[in-house]
Every structure is written in C-alpha cells, then in structure tokens.
Amino acid sequence: MEFLSLMIWGVEDGVPFIPEPAQPEPELVIADEEPEPPTPALGEEKIKEESEQKPPTPAFGVPVEVKIKEEKEEEDIDEAILDMSEKLLRITIDEPLDWTVENPFCEPTPPPPPESVPLIEYLCNLKNCSLKELHVLFHNLEERREIINHLRRNVELRTCHLKPCCKNFIVHCNDLTVRSASVVHAMGGYLSITVRGYYYIKHKVKLEHPYLPCIIEFGGGRHRSYYPLEVLSVTENKMKKCF
C-alpha cells in the first residue's frame with residue numbers, strides 16, 4: 001500500500017495574492033411594493049398642480065366652490081354696509097340736522113279733535129243775521145225749508161250738554177217744530193211737561209232761548225225726540241256752505 005506524500009499548502013514568497021471576485025448578492029423584491037413612477041414632464045406637472053388646487057365636490061350637498069363664492073359675496077356685502085354706515089356717520093356729523101323734516105321712525109301724532117260751533121251761532125253766520133232776525137226767519141216757510149235741508153244734508157249735528165263729553169251723540173235733523181221749546185210737550189205729551197222743563201229737571205240745563213223752535217228726530221213708529229237748538233253743535237270738519 002502506497003501512501004501519498006502530503007504537500008504543504010502555502011504562499012510562496014514574492015508571489016502576490018489575488019483574491020477571488022465577490023459575487024453580488026441578489027436583491028430582495030417585495031411583491032406588494034409598486035415600482036416608482038417615472039418623472040412626469042413639465043406640462044403634466046402643471047395639469048397635476050391645477051387639479052390638486054381645485055376643491056373636491058362632495059357626494060351630497062352644495063359643492064365647495066359654491067360655498068366659497070357665497071362666503072366671498074357675504075364679505076363684500078358686509079364691507080359695503082360698513083362703507084355706507086361710515087358715509088351716513090360723516091353726513092350726520094358734517095351736515096346739521098333739519099328738524100323741520102318729518103321723522104319716518106316716529107309714530108304720527110293723532111289729529112286734534114274737531115272743534116264744534118254752537119248751532120245757533122252757526123245758523124246766524126249762515127244767514128248773516130242776528131238772533132232776533134233768525135227767530136223771524138223760522139216763521140218763513142221757504143227759509144225754514146232751506147234751513148232744514150241744509151242741516152239734513154250738509155252738516156253733522158251733535159249734542160253738547162251731556163257730561164262727560166263722551167256721552168254726547170249724533171242727532172239727525174228731520175224737521176223743525178212750529179212752536180217754541182217752552183210750549184212743545186216732551187216725551188209724547190203723556191207727562192204734560194214741556195221740553196224746557198224736561199231739560200231743566202233731567203239734565204239741569206236752563207235754556208237761555210226757550211222761544212226758539214226745536215229740532216225733531218224721528219224714531220221707530222210714532223216716537224219723536226225734541227232737541228232745543230242750544231244743546232246742539234256743528235262739527236267743524238262737517239261744515240259746508242249752501243251758497
């Protein structure tokens with residue numbers, strides 16, 4: 001049996017050592033990762049930036065663009081109101097106030113109550129005569145009819161002897177009595193009391209001109225109301241001249 005002689009391995013002196021080239025390690029590739037996209041061109045970058053700047057529209061409700069426009073409009077309106085308020089302040093400060101102009105924010109004051117004129121005074125002015133002459137005119141049929149028609153159509157008669165004044169009421173002139181208030185019987189004559197005595201007992205009114213006639217107002221059936229001329233007045237806004 002032959003034994004091979006063992007050879008001693010080593011490096012000889014003077015011979016350079018050349019290492020073997022290292023093999024590159026294989027890169028690990030993960031299946032979930034996506035490859036990097038290629039770099040876009042300049043035009044594509046601009047389009048992409050514009051699309052990113054536009055706000056997305058929601059699936060339900062008002063688009064975001066509309067909301068932004070409405071907010072801008074509201075801001076413009078607020079600025080306009082502030083400008084107007086500043087202008088108004090300047091006008092009120094610079095210009096003096098005109099107190100003669102009616103203030104639209106104040107409630108209008110109610111008109112004063114209409115003034116009334118006693119009926120006897122009104123008839124004297126209407127006929128341009130004195131009280132004695134008026135007494136004579138009542139006996140003239142034409143003048144009498146003219147006075148009755150005027151009082152019926154052109155004026156508003158109202159009592160003025162009741163207290164307080166709110167108790168006074170409107171009277172319609174249907175006719176004039178032929179006799180005076182000191183002769184005509186009140187209340188249909190069943191109490192045998194004259195109009196003069198009735199007003200003195202009922203209303204504590206003493207007639208100063210009981211010789212003048214009374215105004216007659218017809219009621220239901222045969223009822224008649226008698227009013228002396230002294231207890232009646234004519235409302236100013238209802239006065240009209242017949243001439």
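By full-length UniProt numbering, the letter at position 158 of the sequence shown is numbered 158, and the numbering carries on one by one without gaps. Idealized CB from N, CA, C, for every residue including glycine. The model shown is predicted, which means the values in this text are computed figures rather than measured ones.
Burial state of residue i (16 or more Cβ within 10 Å)
| i | result |
| --- | --- |
| Tyr211 | exposed |
| Ser130 | exposed |
| Arg196 | buried |
| Pro228 | buried |
| residue 244 | This structure gives no information on residue 244, because the portion of the chain shown stretches from 1 to 243. |
| Val171 | buried |
| Phe138 | buried |
| Pro213 | buried |
| Ala186 | buried |
| Ala80 | exposed |
| Tyr198 | buried |
| Ile201 | exposed |
| Ser192 | exposed |
| Tyr190 | exposed |
| Cys173 | buried |
| Glu109 | The sequence given here places Thr at residue 109; Glu does not occur at that position. Exposed, by the Cβ-count rule. |
| Val136 | exposed |
| Tyr147 | Note on identity: in this sequence residue 147 is Ile, with Tyr being the wrong assignment. Burial call: buried. |
| Phe151 | The sequence given here places Leu at residue 151; Phe does not occur at that position. Label assigned to Leu151: buried. |
| Leu126 | buried |
| Leu162 | exposed |
Integer-rounded CB distance, given that residue j should sit under 8 Å from residue i
| i | j | result |
| --- | --- | --- |
| Leu134 | Leu123 | 6 Å |
| Val234 | Val117 | 5 Å |
| Ile120 | Leu176 | Contact doesn't hold; Cβ gap of about 13 Å is too wide. |
| Tyr226 | Val184 | 6 Å |
Q: Output the residue ranges of the alpha helix (DSSP H) runs that lie fully inside the UniProt domain "PAZ" (118–236) and measure 4 residues or longer, sorted by chain position.
A: For the UniProt domain "PAZ" (118–236), whole alpha helix (DSSP H) runs of length 4 or above, ordered along the chain, are 119–127, 131–137, 141–153 and 195–203.
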